[in-house]
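Data first, discussion second: the structure below is written as structure tokens.
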Ligand code: AMP
Ligand code: GLY
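Numbering (our numbering), first residue to last: 61 to 502.
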């Protein structure tokens, strides 16, 4: 029986623990439509303060299963008008794109007097521009790989200087496809041709970066001006194939636990990476509010930053959210107003494992319209929808990453077994799932 994925959001607001700042009928609008937003909306809905939640653009699953309200809008302008008209109290940026559209979602919210959990346009450059982020890290002496910015192929070749492996990064949003770790000249020339000559992602500069070696870890902080709270760390599995083989994807799964990084490592990460980043954001007047994602490589010389993202990770969010309890809605509301209140959240000590079911052809393409079976059989895991659509009573594939199946346990093994057992109950033609999610250690 699908108890875990029944709608949980009460449209009627029944507030416990309200305060002058957090009124009794808070309305939240989440921006995004994927599995990450599904997980965020579930967590916001499970908040002790029981907000009324809306989602733009949302998905059938977010609206139908979670009961999040629909938003009558089609772009940033109409979203702003709708939020003002609907009396939205808090906007939560799930995905990043609107943060850097036009003036930026958070800037527009500020003008409209709506608190926004997500950074202003300038702060969102931490993700939108890799060169901006690299200069930020260099300016604030935050450990990262050496890099140089290049305008064209000739400058890139000069910066690579025949040293391989090298890492090439397109300086802009490229739907996760703008980075190539190139083992040799052939791979580098292929990427340069596609990105800097054919301009697959449009105009933009390129970063040639030192190739770092080591296990990767995703660290998330909730940032509100000078204050921050580090959330449960996670590790995502980016490659399509088992053993981390094959092309990169949006993420084929994730494991989250406080135990992923011991106290010594977390202290180092906090002191050398998180604290100086938050201090740098303040010093540069970026007025950052929202989740900040640190993609780290644990190198032999210590943790170094690969990238910042100005949002939660996907699928890390789906793994982390079930470990969070308390009042996420009120936490984001207060944080967006500049009052970070860590006491509003608590984190469970256990493990959480998220298995992604991807459609046939992913990541090169994605097949749609395969009927999904077995959703009702899932009893001990959460189901978050990413690329699905409903026709009649049936759910069908409608994107590359289709579903996230997330289970928890006191031990890693317990969470791994449960997540895979539950995920195996859900089937559709051409379904792809990695069997080593959570199992493959660093
Ligand atoms: P990104 O799109 O920035 O998340 O990068 C995608 C992946 O490329 C990362 O998860 C890493 O596995 C790899 N990568 C990025 N930068 C580096 C680097 N400097 N050294 C080695 N691998 C990297
Ligand atoms: N999991 C990687 C990302 O969200 O970018």
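Where a beta carbon is used, it is the ideal one built from N, C-alpha and C, also for glycine.
From a predicted model like this one, the values you see are computed outputs, not experimental measurements.
Residue of the options minimising C-alpha distance to residue i
| i | options | result |
| --- | --- | --- |
| residue 285 | 237, 317, 351, 276 | 351 |
| residue 333 | 147, 197, 100 | 197 |
| residue 348 | 178, 409, 464, 242 | 178 |
| residue 305 | 94, 247, 434, 496 | 496 |
| residue 379 | 88, 98, 87, 93 | 98 |
| residue 295 | 275, 308, 303, 301 | 275 |
| residue 267 | 318, 182, 194 | 194 |
| residue 508 | 489, 459, 153, 138 | It is not possible to answer for residue 508, since the shown part of the chain is limited to 61 through 502. |
| residue 217 | 201, 248, 131, 205 | 248 |
| residue 330 | 129, 315, 310, 291 | 291 |
| residue 244 | 122, 309, 259, 225 | 225 |
| residue 328 | 209, 356, 301, 211 | 356 |
| residue 464 | 480, 453, 210 | 480 |
| residue 531 | 408, 279, 454 | Nothing in the structure corresponds to residue 531, since the chain is present only between 61 and 502. |
| residue 200 | 460, 133, 323, 335 | 335 |
| residue 371 | 129, 156, 408, 95 | 156 |
| residue 129 | 87, 209, 138 | 87 |
| residue 208 | 265, 253, 172 | 265 |
| residue 288 | 259, 398, 344, 210 | 398 |
| residue 374 | 105, 211, 298, 472 | 298 |
Close Cβ partners of residue i (< 6 Å) along its chain, the five nearest in sequence each way excluded
| i | result |
| --- | --- |
| residue 169 | 151, 176 |
| residue 342 | 286 |
| residue 36 | As shown, the chain starts at 61 and ends at 502. That puts residue 36 outside it, with no answer to give. |
| residue 381 | 99, 103 |
| residue 64 | Note that residue 64 scores a pLDDT of 32, beneath 50, so its modelled location is shaky; the value from the coordinates is reported in the next line. These residues qualify, in order along the chain: 442. |
| residue 498 | 315, 413, 476 |
| residue 255 | 230 |
| residue 162 | 136 |
| residue 131 | 114, 116, 142 |
| residue 79 | In this prediction, residue 79 scores a pLDDT of 44, lower than 50, which makes its location untrustworthy; no coordinate-derived value is stated. |
| residue 183 | 346, 348 |
| residue 428 | 457, 458 |
Residues near residue i by beta carbon distance below 7 Å, same chain, minus five either side
| i | result |
| --- | --- |
| residue 185 | 192 |
| residue 124 | 450 |
| residue 158 | 91, 136, 165 |
| residue 396 | 150, 175, 176, 177, 349 |
| residue 434 | 485, 486, 487 |
| residue 257 | 213 |
| residue 117 | 93 |
| residue 554 | It is not possible to answer for residue 554, since the shown part of the chain is limited to 61 through 502. |
| residue 302 | 494, 495, 496 |
| residue 215 | none |
| residue 220 | 226, 248, 268 |
| residue 437 | 485 |
| residue 167 | 180, 181 |
Residue i and residue j closer than 7 Å at C-beta
| i | j | result |
| --- | --- | --- |
| residue 405 | residue 393 | no |
| residue 457 | residue 419 | yes |
| residue 251 | residue 234 | no |
| residue 222 | residue 230 | no |
| residue 388 | residue 107 | yes |
| residue 283 | residue 338 | yes |
| residue 484 | residue 467 | no |
| residue 493 | residue 400 | no |
| residue 386 | residue 470 | no |
| residue 415 | residue 313 | yes |
| residue 270 | residue 205 | yes |
| residue 277 | residue 293 | yes |
| residue 459 | residue 426 | yes |
| residue 95 | residue 323 | no |
| residue 453 | residue 489 | no |
| residue 144 | residue 121 | no |
Contacts around residue i, its chain only, beta-carbon distance under 8 Å, and the 5 residues preceding and following it disregarded
| i | result |
| --- | --- |
| residue 325 | 358, 363 |
| residue 361 | 203 |
| residue 189 | 231, 232 |
| residue 423 | 300, 307, 308, 309, 310, 460 |
| residue 273 | 357, 359, 360 |
Contiguous alpha helix (DSSP H) assignments of at least 4 residues, all confined to the segment 157 to 216: 165 to 172, 181 to 188, 190 to 199
Please list the segments of the alpha helix (DSSP H) lying wholly inside the segment 222 to 276, counting only runs of 4 or more residues, in order along the chain. 245 to 252
Closer than 5 Å: residues whose CB approaches a heavy atom of the ligand GLY: 296, 311, 373, 374
Segments assigned beta strand (DSSP E), at least 3 residues, entirely inside the segment 289 to 335: 294 to 296, 299 to 301, 305 to 308, 313 to 317
Alpha helix (DSSP H) runs contained entirely in the segment 405 to 490, provided each spans 4 or more residues: List check, alpha helix (DSSP H) in window: 472 to 483.
Those runs of the alpha helix (DSSP H) which lie wholly inside the segment 94 to 135 and span at least 4 residues: Listed in chain order, they are 95 to 105, 120 to 124.
Beta strand (DSSP E) segments (min. 3 residues) lying fully within the segment 363 to 401: 384 to 386
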